[in-house]
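**Student:**
Number of protein chains: 2
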Amino acid sequence: MTAGATQPVTRATLEDVARAAGVSLATVDRVVNRREGVRAKTVARVEAAVAKLGYRADLAAARLARGQTFRFAFVLPTGSNSFMTNLTEQVARTADWLAGHRGFIDIHHVDVFDPDVLAGALENLSPAYQGVAVIALDHPRVRAAIDELVARGVAVVTLVSDAPSSSRVHYVGIDNPAAGRTAATLMGRFLAGREGTVAVIAGSLSLRDHTERQFGFHQILSSEYANLSALPVIEGRDDSDRTRELTAALLARHADLRGIYCCGAGNRGIADALEASGRAREVVWITHELTEHTRRFLVRGTLDAIINQDAGHEARSAARVLLAHCSGEPISPDQERIRIDIFLRDNLP
Amino acid sequence: MTAGATQPVTRATLEDVARAAGVSLATVDRVVNRREGVRAKTVARVEAAVAKLGYRADLAAARLARGQTFRFAFVLPTGSNSFMTNLTEQVARTADWLAGHRGFIDIHHVDVFDPDVLAGALENLSPAYQGVAVIALDHPRVRAAIDELVARGVAVVTLVSDAPSSSRVHYVGIDNPAAGRTAATLMGRFLAGREGTVAVIAGSLSLRDHTERQFGFHQILSSEYANLSALPVIEGRDDSDRTRELTAALLARHADLRGIYCCGAGNRGIADALEASGRAREVVWITHELTEHTRRFLVRGTLDAIINQDAGHEARSAARVLLAHCSGEPISPDQERIRIDIFLRDNLP
DNA sequence: CAATTTTTGAGGTACGCAACACAAAATCTG
DNA sequence: CAGATTTTGTGTTGCGTACCTCAAAAATTG
Numbered sequence: 000m001t002a003g004a005t006q007p008v009t010r011a012t013l014e015d016v017a018r019a020a021g022v023s024l025a026t027v028d029r030v031v032n033r034r035e036g037v038r039a040k041t042v043a044r045v046e047a048a049v050a051k052l053g054y055r056a057d058l059a060a061a062r063l064a065r066g067q068t069f070r071f072a073f074v075l076p077t078g079s080n081s082f083m084t085n086l087t088e089q090v091a092r093t094a095d096w097l098a099g100h101r102g103f104i105d106i107h108h109v110d111v112f113d114p115d116v117l118a119g120a121l122e123n124l125s126p127a128y129q130g131v132a133v134i135a136l137d138h139p140r141v142r143a144a145i146d147e148l149v150a151r152g153v154a155v156v157t158l159v160s161d162a163p164s165s166s167r168v169h170y171v172g173i174d175n176p177a178a179g180r181t182a183a184t185l186m187g188r189f190l191a192g193r194e195g196t197v198a199v200i201a202g203s204l205s206l207r208d209h210t211e212r213q214f215g216f217h218q219i220l221s222s223e224y225a226n227l228s229a230l231p232v233i234e235g236r237d238d239s240d241r242t243r244e245l246t247a248a249l250l251a252r253h254a255d256l257r258g259i260y261c262c263g264a265g266n267r268g269i270a271d272a273l274e275a276s277g278r279a280r281e282v283v284w285i286t287h288e289l290t291e292h293t294r295r296f297l298v299r300g301t302l303d304a305i306i307n308q309d310a311g312h313e314a315r316s317a318a319r320v321l322l323a324h325c326s327g328e329p330i331s332p333d334q335e336r337i338r339i340d341i342f343l344r345d346n347l348p
Numbered sequence: 000m001t002a003g004a005t006q007p008v009t010r011a012t013l014e015d016v017a018r019a020a021g022v023s024l025a026t027v028d029r030v031v032n033r034r035e036g037v038r039a040k041t042v043a044r045v046e047a048a049v050a051k052l053g054y055r056a057d058l059a060a061a062r063l064a065r066g067q068t069f070r071f072a073f074v075l076p077t078g079s080n081s082f083m084t085n086l087t088e089q090v091a092r093t094a095d096w097l098a099g100h101r102g103f104i105d106i107h108h109v110d111v112f113d114p115d116v117l118a119g120a121l122e123n124l125s126p127a128y129q130g131v132a133v134i135a136l137d138h139p140r141v142r143a144a145i146d147e148l149v150a151r152g153v154a155v156v157t158l159v160s161d162a163p164s165s166s167r168v169h170y171v172g173i174d175n176p177a178a179g180r181t182a183a184t185l186m187g188r189f190l191a192g193r194e195g196t197v198a199v200i201a202g203s204l205s206l207r208d209h210t211e212r213q214f215g216f217h218q219i220l221s222s223e224y225a226n227l228s229a230l231p232v233i234e235g236r237d238d239s240d241r242t243r244e245l246t247a248a249l250l251a252r253h254a255d256l257r258g259i260y261c262c263g264a265g266n267r268g269i270a271d272a273l274e275a276s277g278r279a280r281e282v283v284w285i286t287h288e289l290t291e292h293t294r295r296f297l298v299r300g301t302l303d304a305i306i307n308q309d310a311g312h313e314a315r316s317a318a319r320v321l322l323a324h325c326s327g328e329p330i331s332p333d334q335e336r337i338r339i340d341i342f343l344r345d346n347l348p
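So the sequence lines, in the order shown, correspond to chains A and F. Residues 0 to 348 in numbering that gives the first Met the number 0 are what the first sequence lists, from first letter to last. Residues 0 to 348 in numbering that gives the first Met the number 0 are what the second sequence lists, from first letter to last.
1) With DSSP as the reference, please indicate the residues paired to Arg70(F) in a beta bridge.
2) Considering only the alpha carbon of each residue, which of Ala135(A), Val168(A) and Leu13(A) lies closest to Asp161(A)?
3) With which residues is Cys261(A) paired in a DSSP beta bridge?
4) What's the call for Gly172(A), buried or exposed, on a 16-neighbour Cβ count within 10 Å?
5) Shorter than 7 Å from the beta carbon of Ala50(F) to some beta carbon of chain A?
6) Could you spell out where the alpha helix (DSSP H) holding Thr242(A) opens and where it closes?
7) By the 10 Å Cβ neighbour count, where 16 or more other Cβ atoms means buried, how is Gly21(A) classified, buried or exposed?
8) Check Gly187(A) in the structure and name its three-state DSSP category.
9) Is Thr87(F) close to chain A, meaning its C-beta is less than 7 Å from at least one C-beta of that chain?
10) Roughly how many angstroms separate the alpha carbons of Tyr224(A) and Gly192(A), rounded to a whole number?
11) DSSP on Glu234(F), reduced to helix/strand/coil?
12) Does the region 316-333 of chain A come within contact of the region 322-337 of chain F, defined as at least 3 CB pairs closer than 8 Å?
13) Can you check which of these residues, Arg257(F), Leu52(F) and Arg188(F), is closest to Ala229(F) by C-alpha distance?
14) Report yes if the CB atom of Gln213(F) is closer than 7 Å to the CB atom of Val232(F), and no otherwise.
15) Ile285(A) to Thr93(F), Cα distance in whole Å?
16) Using a Cβ cut-off of 9 Å, which residues of the region 168-197 of chain F contact any Cβ in chain A, in chain order?
17) Using the beta-carbon of each residue, which ones in chain F are nearer than 8 Å to Leu58(A)?
18) Would you say Pro348(F) faces chain A, with C-beta separation under 7 Å as the test?
19) Express the C-alpha separation of Ala279(A) and Leu322(A) in angstroms, rounding to a whole number.
20) Please list the partners that Thr339(F) has in chain A, where partner means a Cβ-to-Cβ separation under 7 Å.
21) Is the separation between the beta-carbon of Ala59(F) and that of Ala17(A) shorter than 7 Å?
22) Could you pull the start and end residues of the beta strand (DSSP E) that Phe112(A) belongs to?
23) DSSP state of Gly3(A), grouped into three classes?
24) What is the DSSP secondary structure of Ala225(A), counted as helix, strand or coil?
25) To which residues of the same chain is Glu313(A) closer than 8 Å at the C-beta, ignoring the five residues directly before and after it?
26) Pull up the distance between the alpha-carbon of Ala48(F) and that of Ala317(A), whole angstroms please.
27) Report yes or no: do the region 115-129 of chain A and the region 73-81 of chain F share at least 3 C-beta pairs separated by less than 8 Å?
28) Answer with yes or no whether the minimum CB distance from Pro295(A) to chain F is below 7 Å.
29) Mind listing, in chain order, the continuous beta strand (DSSP E) runs of no fewer than 3 residues lying wholly within the region 130-191 of chain A?
30) Buried or exposed: Gln67(A), going by 16 or more other Cβ atoms within 10 Å of its Cβ?
31) Starting from Asp255(A), find everything on chain F with Cβ-Cβ shorter than 7 Å and list it in chain order.
32) Tell me where the alpha helix (DSSP H) around Asn85(A) begins and ends.
33) Please list, in chain order, the chain A residues whose beta carbon lies closer than 9 Å to that of Ile219(F).
34) Going along the chain, which residues of its own chain have a beta-carbon closer than 8 Å to the beta-carbon of His107(A), five neighbours each way excluded?
35) Compare the Cα-Cα distances from Leu24(A) to each of Val45(A), Glu35(A) and Lys40(A) and report the closest residue.
36) List the endpoints of the continuous alpha helix (DSSP H) containing Ala304(F).
Laid out in structure tokens, this is it:
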């Protein structure tokens with residue numbers, strides 16, 4: 000039958016607590032906001048009343064009274080691959096949402112692949128920002144720039160690509176080595192005992208996320224799937240044309256090529272080369288990031304699986320974390336953990 | 000270099016808009032809240048000012064001024080399998096969050112597997128609720144109870160299990176046929192051409208979600224993987240002991256059993272039987288819902304993949320949808336879409 | 001143009017809390 | 001017990017919006 004505690008219809012206010020505890024509003028305010036100058040005995044009385052009435056501060060009223068506003072900068076790449084375009088749009092949507100909560104987001108586009116340019120952008124950021132989200136590069140100058148921002152009291156979160164040795168307060172993104180391991184397990188299981196070689200294509204090995212994925216991939220492939228041997232990593236520079244040529248060469252050179260793992264962009268080139276070779280159905284191809292292109296390749300059967308990070312989730316999470324950090328609220332780690340999504344043809348969103 | 004529009008530091012208020020449009024605060028209020036009695040020309044002037052200043056209502060202030068509070072009921076099963084226990088906890092956490100936003104959630108536990116009991120519970124729900132989230136059963140009486148609630152102006156969302164023919168405003172959960180298809184694709188690919196039989200274990204075929212998963216699974220298995228033939232569906236009633244015996248019998252009877260797909264609960268029974276048989280590593284086992292148990296089986300290698308729906312996401316999404324619906328705000332479909340997660344050993348959260 | 005209707009303005013209150021000033025009471029000190 | 005100190009109470013203001021009343025101005029009508 001219907002069970003479950005029924006709560007009061009109206010919420011208790013600070014005044015209710017004051018009345019219940021037999022003290023004044025000011026004293027209750029001192030207790031709840033942990034200001035000093037209240038005897039331990041009185042604190043206990045107030046806290047008892049809070050517990051008894053189930054008092055919860057009205058966040059809307061509190062925010063209004065505090066009257067703080069927040070300004071955040073999102074530093075994103077100028078580059079325009081599908082994932083980054085999508086991420087930018089998701090950040091814009093998040094900005095729209097934040098605008099209703101006294102928060103403003105400015106999007107700054109810089110060449111995040113050049114450490115000096117990126118570090119320079121971070122150094123020149125207006126001091127008006129209370130928080131910064133940045134697609135980081137794990138480079139000394141960038142690290143120093145982040146550390147300096149943090150030292151100035153700015154909340155910095157890294158987005159998609161981390162700088163773990165910096166003092167950023169949070170990393171919003173996936174565990175890239177784990178993503179690589181996931182790809183390797185899928186590859187190994189899809190190939191189920193067949194012998195041959197597997198190619199790994201990265202955008203650039205100077206990108207921490209690509210390197211980490213590649214590392215995770217090799218780790219599992221070599222330890223668990225002795226039937227498969229990995230070819231040396233190829234750098235496609237996230238460019239479709241270059242990647243097409245490299246893939247075509249691979250296919251021509253290695254008759255025993257069974258799989259391709261691409262841990263960066265340039266997927267259109269791979270698809271072209273695979274389909275041109277006529278071996279699209281027999282070669283297992285696994286790549287990252289769900290875009291309109293990769294979706295098409297997956298549906299068509301050229302692509303076998305997509306490892307994805309949800310850009311919308313990342314944008315919202317970064318904003319939430321910055322907001323929570325700046326207003327001293329806790330975050331719920333559960334909600335902010337970015338998952339490694341696996342998409343097959345059947346579970347595409 | 001650093002580009003990107005820099006926004007004003009302080010947000011525009013209603014007064015700013017009034018000043019800019021050269022009208023009074025009252026008139027601006029009439030325009031933004033779509034009250035009547037304002038000339039079209041004036042409306043246009045005000046709207047121009049709103050656009051120019053980029054005015055956005057301060058949600059905190061608006062909520063405070065409106066002074067509305069919301070009461071929602073979550074109707075959850077009394078049953079205590081791991082997934083439902085987790086869901087209940089996630090709903091409790093969500094309630095905690097909502098409490099800060101003038102919203103209250105009462106959790107009602109009922110036997111959702113009995114249509115009459117569930118319908119009765121819905122019918123007897125206090126009229127004080129503006130919204131209800133329910134793990135539905137697609138049954139005429141339940142449907143009627145939902146329709147009546149909706150007719151009374153209550154926002155109803157179905158959670159985890161849908162009643163598509165009812166007039167609920169939203170379904171928070173995964174696409175179950177697609178989940179079944181996903182499991183089948185994984186099964187087919189992991190078995191990569193081997194011949195044999197595959198068992199399907201459901202909780203009960205009277206549960207819409209189990210039926211739908213099973214349907215999706217068979218659909219793909221029969222059309223794409225001719226090497227595998229599915230055995231008749233077994234009903235384990237989500238009970239570990241019963242499922243253990245059934246699984247043990249399956250293993251004994253079918254030497255060519257290559258895979259097990261479980262679209263319900265009772266996983267501990269399957270694990271026991273599989274491990275006792277000594278065929279745990281060779282039989283591909285795929286199941287639903289990440290729990291402490293299934294996680295253990297996956298890490299150990301007995302279980303090969305988990306199809307999951309994120310209970311935390313579902314609880315939060317249900318609350319957000321109800322809140323948005325009751326306060327007339329739009330929802331962002333993107334954020335409310337519950338994904339079909341695939342977990343392998345490597346991408347466990 | 002006067003009478004009527006419509007539109008606009010001025011002003012107020014309330015929401016729940018934060019933040020502050022200052023006075024009153026209680027407690028402690030020598 | 002006077003004086004100093006700590007603790008508590010009273011009171012106020014403001015945040016930005018919603019919603020209300022009543023009067024003034026403007027537009028429309030006969």
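In this text, a Cβ means the ideal position worked out from N, Cα and C, and glycines have one as well. Fair warning: this is a prediction, and the values are worked out from it, not measured in the lab.
**Tutor:** With the given structure in hand:
1) Phe103(F)
2) Ala135(A)
3) Ile200(A) and Thr286(A)
4) buried
5) no
6) Ser239 to Arg252
7) exposed
8) helix
9) no
10) 8 Å
11) strand
12) no
13) Arg257(F)
14) yes
15) 36 Å
16) Ile173, Asp174, Ala177, Ala178, Gly179, Arg180, Thr181, Ala182, Ala183, Thr184, Leu185, Arg188, Phe189, Leu190, Ala191, Gly192 and Arg193
17) Ala59, Gly99 and His100
18) yes
19) 46 Å
20) Rather than Thr, the amino acid found at residue 339(F) in this sequence is Ile. Asn346, listed in chain order.
21) no
22) That residue, Phe112(A), is in no beta strand (DSSP E); it is neither H nor E in DSSP.
23) Its pLDDT being 47, under 50, Gly3(A) is placed unreliably by the model, and nothing is read from it.
24) coil
25) Leu86, Gln89, Leu158, Val159, Val171, Gly172 and Ile337
26) 31 Å
27) no
28) Going by the sequence as given, residue 295(A) is Arg instead of Pro. No, no contact with chain F.
29) 130-133, 154-158 and 169-171
30) exposed
31) Neighbours of Asp255(A) on chain F: none; closest Cβ ~17 Å, over 7 Å.
32) Ser81 to Ala98
33) Asp345
34) Ala72, Phe73, Val74, Leu75, Ala120 and Leu124
35) Val45(A)
36) Segment Ala304 to Asn307 is the beta strand (DSSP E) holding Ala304(F); no alpha helix (DSSP H) there.
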